[in-house]
Amino acid sequence: MGEVAIRIENIGKRYTVGVRPQLHRNIHAMFRGALSAWTTVKSHGVDTPEDNSIWALRDISFEVATGEVVGVIGRNGSGKSTLLKILSRIVKPTTGAATIRGRVGSLLEVGAGFHPELTGRENIYLNGAVLGMRKREIDKQFDEIVEFAEIERFLDTPVKRYSSGMYMRLAFAVSAHLASDILLVDEVLAVGDAAFQQKCLGKMDQMSKGGRTVLFVSHNLGAVVQLCSRAVLLRAGRVAALGRSETVVAGYLSEDSGDLPDVSPDPSLNAGSPLVVTRCWVTTPGEEVTVRSVGVISGFEIRLEVFARCEILDADISLRVSNMLGAPLFTSNLSDVSRDTTRLRPGKHLFVVTIPGRFLAPDTYSLHVGLHRPNVEVFDAHDGILKFKIEEAGSEMWRFNGRQYGNILVQLPWRHEQREC
28 MGEVAIRIEN IGKRYTVGVR PQLHRNIHAM FRGALSAWTT VKSHGVDTPE DNSIWALRDI
88 SFEVATGEVV GVIGRNGSGK STLLKILSRI VKPTTGAATI RGRVGSLLEV GAGFHPELTG
148 RENIYLNGAV LGMRKREIDK QFDEIVEFAE IERFLDTPVK RYSSGMYMRL AFAVSAHLAS
208 DILLVDEVLA VGDAAFQQKC LGKMDQMSKG GRTVLFVSHN LGAVVQLCSR AVLLRAGRVA
268 ALGRSETVVA GYLSEDSGDL PDVSPDPSLN AGSPLVVTRC WVTTPGEEVT VRSVGVISGF
328 EIRLEVFARC EILDADISLR VSNMLGAPLF TSNLSDVSRD TTRLRPGKHL FVVTIPGRFL
388 APDTYSLHVG LHRPNVEVFD AHDGILKFKI EEAGSEMWRF NGRQYGNILV QLPWRHEQRE
448 C
């Protein structure tokens, strides 16, 4: 690891339950801290009875190198936003200290750091002043900020009239273009549309290559893997894992796999539907026994049991397989192979779908099931009805430098020709 930009040592944050804490009043000292090149946020030593408090963070320690992009992931309530608020000097830790080298730009929530009565133009200069920039420095970046945020038409409108998306676009543009050495980004990017999210991710990648440090809190695990070299997993306020983003994300997702290879939804949950899913499981070909995982070279079967409460005409079944990040890989419909009208008599019916070997790469996958009458009605639907694993089975042919490229193993025709020099 190179030069350290953020050093977090035994950080803990305890909140009192049911008692309003005293508001912080030393605004001048807070701004002076924000403008210093080296800032250390230390605990304030408040003694609160354990039975009247909760720990949002406990014994958090890790370092972030200059120019590194690190993701922070975890379930809601795991302490991610609290950690960023401590690093932004919005709150003080109860224990430990965080040392930050350089100016910090924070994007923690929509509208944070903006004065609602000021226009977009005025808020750009206000944020630059808070970072200690001179007017001519802000002037150099002004046009790029406006262009990136795509709000030129509303630049001289008070930001209190902005939509949440406009707020976020301007806030990110300001944080990304002004002279902060470290950018702290919370899940606020989820407010933007898909195109702008990709624009922001590209900008953060560009910033890290330019030597700026990014700490990125997100539930978008695909973005974390794409953008971050390392990730920190928080669980109940503690560091549960720290390492390469792919490894940490895979471990986090495996927590939710639940070892549910055989799922039996309760039909009473959809009692008004004439057609419901009653069981879903994975087996090896021709076997009835449920399996938890299969080798990459072996095929397997997805078995689906449904119950018809009455005779159903024109029924169709859709299966969608997604990778561990939730990205859909493929969908298969019963109607793709059976063009005739599917007539289901009252009672139980079994459907079997065969997945060939050497088709899915090693990973954890989730299955989504839908019973429907095409373009008319949905009888029953289950997102993530079960998860299953494809094991490596000893082969590394689809890996390059430890990274896995894609989930589908496609056998394509190759041709070799010897050419004269």
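Following the numbering used here, the numbering of the sequence shown begins with 28 at its first residue and continues without gaps. Here a beta-carbon is modelled for each residue, glycine too, at the ideal position from N, C-alpha and C.
Using C-beta distances below 8 Å, list every residue in its chain close to residue i, excluding the 5 sequence neighbours before and after it, in chain order.
{"i": "L302", "result": "V333, F334, A335, R336, I339, A342, L371, L398, F406 and D407"}
{"i": "E149", "result": "H142"}
{"i": "R239", "result": "G94, S207, D208, I209 and L210"}
{"i": "T310", "result": "V316, T317, V318, F327, E328 and R330"}
{"i": "S256", "result": "E95, V96, V97, R271 and S272"}
Where do the N-terminal and C-terminal ends of the beta strand (DSSP E) with residue i fall, by residue?
{"i": "F386", "result": "Note, F386: premise wrong, no beta strand (DSSP E); not H, not E."}
{"i": "E332", "result": "F327 to A335"}
{"i": "V380", "result": "G374 to I382"}
{"i": "G123", "result": "T122 to R128"}
{"i": "N37", "result": "V31 to T43"}
{"i": "S300", "result": "Neither: S300 is in no beta strand (DSSP E) and is coded neither H nor E."}
{"i": "V348", "result": "D343 to S349"}
{"i": "G132", "result": "V131 to L134"}
{"i": "V316", "result": "Segment: none, V316 is in no beta strand (DSSP E) and carries neither H nor E."}
{"i": "S80", "result": "S80 to A92"}
{"i": "V99", "result": "V96 to I100"}
Considering only residues of the same chain and omitting the five flanking positions on each side of residue i, which have a CB-CB separation below 6 Å?
{"i": "L361", "result": "D343 and I344"}
{"i": "F175", "result": "A200"}
{"i": "T369", "result": "A342"}
{"i": "S393", "result": "S349, G411 and K414"}
{"i": "V364", "result": "none"}
{"i": "E447", "result": "none"}
{"i": "L50", "result": "Any reading at L50 is ruled out, since the residue's pLDDT is 47, under 50, leaving its predicted position unreliable."}
Starting from residue i, follow the alpha helix (DSSP H) in both directions and report where the run begins and ends.
{"i": "V157", "result": "G147 to V157"}
{"i": "S362", "result": "L361 to V364"}
{"i": "T109", "result": "K107 to L114"}
{"i": "K416", "result": "Per DSSP, K416 belongs to no alpha helix (DSSP H); it is in the beta strand (DSSP E), E404 to E418."}
{"i": "V18", "result": "There is no way to answer for residue 18, as the model of the chain reaches only from 28 to 448."}
{"i": "K162", "result": "K162 to A176"}
Spatial neighbours of residue i within its chain, please: C-beta separation below 7 Å, excluding the five flanking residues on both sides.
{"i": "E177", "result": "R196"}
{"i": "F223", "result": "R196"}
{"i": "L261", "result": "V99, G101, S105, G106, K107 and A267"}
{"i": "H246", "result": "E214"}
{"i": "G433", "result": "A388"}
If distances are taken between C-alpha atoms only, which option among the options comes closest to residue i?
{"i": "S300", "options": "W82, G237, R400 and L242", "result": "R400"}
{"i": "G39", "options": "T358, F89 and E30", "result": "F89"}
{"i": "F169", "options": "V186, I151 and T184", "result": "I151"}
{"i": "D183", "options": "R385, T240, E144 and V403", "result": "E144"}
{"i": "W82", "options": "E214, A263 and E404", "result": "A263"}
{"i": "I35", "options": "R265, D410, K414 and T146", "result": "R265"}
{"i": "G155", "options": "A203, Y189, R385 and L394", "result": "A203"}
{"i": "L346", "options": "V304, T43 and D208", "result": "V304"}
{"i": "T109", "options": "D363, P312, R85 and V186", "result": "R85"}
{"i": "E419", "options": "S325, L210, V173 and E214", "result": "S325"}
{"i": "V44", "options": "K416, S80 and H395", "result": "S80"}
{"i": "L280", "options": "T391, K226, V321 and C307", "result": "T391"}
{"i": "A221", "options": "A250, S235 and L242", "result": "A250"}
{"i": "G147", "options": "V186, S190, V396 and I172", "result": "V186"}
{"i": "N103", "options": "I435, Y189, V244 and R116", "result": "V244"}
{"i": "P120", "options": "K226, C307 and N37", "result": "N37"}
{"i": "M234", "options": "V97, E404 and L387", "result": "V97"}
{"i": "R385", "options": "E273, G322 and E404", "result": "G322"}
Given the structure, does residue i come close to the ligand PLP, in the sense that its CB is under 7 Å from one of the ligand's heavy atoms?
{"i": "I412", "result": "Absence of the ligand PLP from the depicted structure is noted, as is the absence of any ligand whatsoever, leaving it without description."}
Counting only runs of 4+ residues fully inside the segment 204-270, write out the alpha helix (DSSP H) ranges in chain order. 221-236 and 248-254
Taking contact to mean at least 3 C-beta pairs separated by less than 8 Å, is the segment 258-274 in contact with the segment 115-133? no
Would the segment 154-170 and the segment 179-197 be scored as touching if the rule is three or more Cβ pairs under 8 Å? no
Does the pairing of the segment 369-385 with the segment 316-333 give three or more beta-carbon distances under 8 Å? yes
So, do the segment 199-214 and the segment 225-235 have three or more beta carbon pairs nearer to each other than 8 Å? yes
Can you find at least 3 beta carbon pairs, one from the segment 437-444 and one from the segment 345-357, that sit closer than 8 Å? no
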